[in-house]
Structure formats: C-alpha cells, structure tokens
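To keep things clear, I will list the structure first and then write my remarks on it.
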Amino acid sequence: MSTTLGDVEVVALPDAVGVLGELVELYQGTTAEEWEPYRGLYPELFDGSSWRLLVPVHLLRTGGDTLLLDTGVGPSGLWDEWRPEQEGLLPGALAEAGVAHEDVDVVFLTHLHVDHLGWNSNEDGAPFFPNARYVVHPDALAFALARPDRPHIRRCVTPLLDRFEDAVDGAELLPGVTAVALPGHYPGHMGLRIRSGGAEGIAIADIAPHPALLDRPEWAFAYDDMEQTRTRAQLVQEVVDTDVAVICGHYPGSGVGRVLTREDRVVWEELV
Ligand SMILES: [Zn+2]
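Offset between the sequence shown (1-based) and my numbering: plus 950.
Written out as structure tokens, the structure is:
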C-alpha cells in the first residue's frame, strides 16, 4: 500500500500481526464501555476485548533514496508477550516491493521496543541492511543497553553498536524528511516530519499507538508517562482538522491518514 506526500512515497510493508492483551488491563482505569465506540471505528485493531496489534514497517522513498521507519517484530521468537497471528513477513514484503536489503540507505529507529527493531540484524549479528545508516537517539540506545539480556536487545541492538548514528531533532534524513523529537513512551522517542511539494506529514511512532488515544489523549498505556500524554495532546491540537497526514505503524491499512473531528470525536481516517 503506497501513499504519496509531495515527492515522498510512503509504502506500508507488513511484518507481523498479533494479540497483545486486554485493553482495559493495558490501559489501566479505562472500561470496556469506554472502548466500545472505537471498536466500531477501528475493527481491525480488536480481537474481542484485546488489542490486535498491527506491525507493518513504513518505507519512505524520494528521488533515489530509501528509508525504513523501524524494522518490525523480526523473526519469530523475539517477543514472548504477545500471541502472533503472523510474523516474519518483512523480508518477503521487501522483495515484493522490489527493494533489496542493499537498497536501504537509512534505518530510522523511533525507539527500541521489541516491535520496532526486529530486522535490524541477522541471526549472526550482521546488519540486515548492509549499506544503511542506522539512526537512533542516544538516550534510547543507552536505555536499551542497560537491558542487555532481553532477547531483542541481544540480537538487534548489541551487535550493531559500531553502526548506530545519533538521531538529532530537526536533522534531515532524506530530502524533505526530518527527525522530530516526540518525548514520552521511551527515552529519546522520535518521529519523522515530511514536508515535500506542499504536502505535510508526521510519523508519530508510538506517541499514540492506538488511534482511540487521539480522542482520549489522557489514557495511559503501561509504558506511557505524563510526558507522553502531554506530547500526545499537543500533537492532536497541531494536526486535528488540518491537511497534515498522520502516519502510524499500528494503525489500519496504509497507516497514513488524517486526524479529523467527526461529530464529537477525534478520529483517524486513512488517506485513500
Ligand atoms: Zn510499537
């Protein structure tokens, strides 16, 4: 699935789908009744009363340059805490899109949770994208390295230590594509801003990993903190009812959409 923002093509490549857990347990203090309206809006994101987590990886292309926005869940076995329906799809999806591993120029890691870094490296620790710059915020790296025994850190972070470059707020990664600090959720959490040919977009990473949170920015996920709910509320104010495309890997379809007021709710609608 491909969307174009100015000269930047945004392609959603599937990697994994799985069930994470009961929403009312993950978002403490919320009730099943409160979640009900969002089931109607985003049916793909529910498995009964549990969160069905979609994990595509977005590929950004402009001119001859290619950037991967995070690298998914990776091969099976890295993540114990979810019930996968499908895993390990990214290599096939890249091939289908005509992208060789060598073609990727930049791997931008928004943060280092298990569903965002899985295809960083091969089983032997070699970079899965041999020609790519791997860009990540130093605070995220330091936080991950303090947990060296976690399987995803051992496989996907530690072997690449000499490859990582510091992500800097405002730094251009591709023409029209810059890193942007989105504090909260994980130390050094970042997104991407796209400004190209009059079009604008923002890849929000996990600042609102379920679109219900755009309507209820105060709801806090197990990993969230006050900083995150603040960033989220600001983000919603910035983008609601504008032409700014909001991109999230955990949203349905292409993951590229707009944030709009519909009756009394703030909703995310896929750009088609
Ligand atoms: Zn995530």
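For glycine and all other residues, C-beta sits at the position ideal for the given N, C-alpha and C.
Asked: Between which two residues does the alpha helix (DSSP H) containing Thr1179 stretch?; Found: Met1176 to Val1189
Asked: Determine the DSSP secondary structure at Val1057, reduced to helix, strand or coil.; Found: strand
Asked: Per DSSP, which residues does Trp1218 bridge with? Please list them.; Found: Val1209
Asked: Check each candidate in Phe996, Arg1104, Leu1221 and Val1206 and name the one with the smallest Cα separation from Asn1070.; Found: Arg1104
Asked: Say the cut is 6 angstroms; is the CB of Asp1065 nearer than that to a heavy atom of ligand 1?; Found: yes
Asked: Say the cut is 6 angstroms; is the CB of Asp1156 nearer than that to a heavy atom of ligand 1?; Found: yes
Asked: Taking 7 angstroms as the threshold (beta carbon to beta carbon), is Leu1004 in contact with chain C?; Found: Judged by its chain identifiers, the structure shown contains no chain C, having just a single protein chain.
Asked: Tell me, which residues are paired with Glu1122 by DSSP?; Found: Thr1128
Asked: Please determine, among Leu1018, Thr953 and Pro1101, the residue with the shortest C-alpha to C-alpha distance to Trp1029.; Found: Pro1101
Asked: Going by the CB atoms, is the gap between Leu1039 and Val1007 shorter than 7 angstroms?; Found: no
Asked: Could you give the first and the last residue of the continuous alpha helix (DSSP H) run that contains Gly1042?; Found: Leu1040 to Glu1046
Asked: In terms of alpha-carbon separation, which member of Pro1202, Ala1092, Phe1114 and Val1005 lies closest to Leu970?; Found: Val1005
Asked: For Phe1078, which option in Val1086, His1051 and Ala1092 has the closest C-alpha, if you only look at C-alpha atoms?; Found: His1051
Asked: Does DSSP put Pro1025 in a helix, in a strand, or in coil?; Found: coil
Asked: Can the beta-carbon of Leu1009 be found closer than 7 angstroms to that of Gly1151?; Found: no
Asked: Whose CA, out of Val1196, Trp1032 and Thr1108, lies closest to the CA of Arg1143?; Found: Val1196
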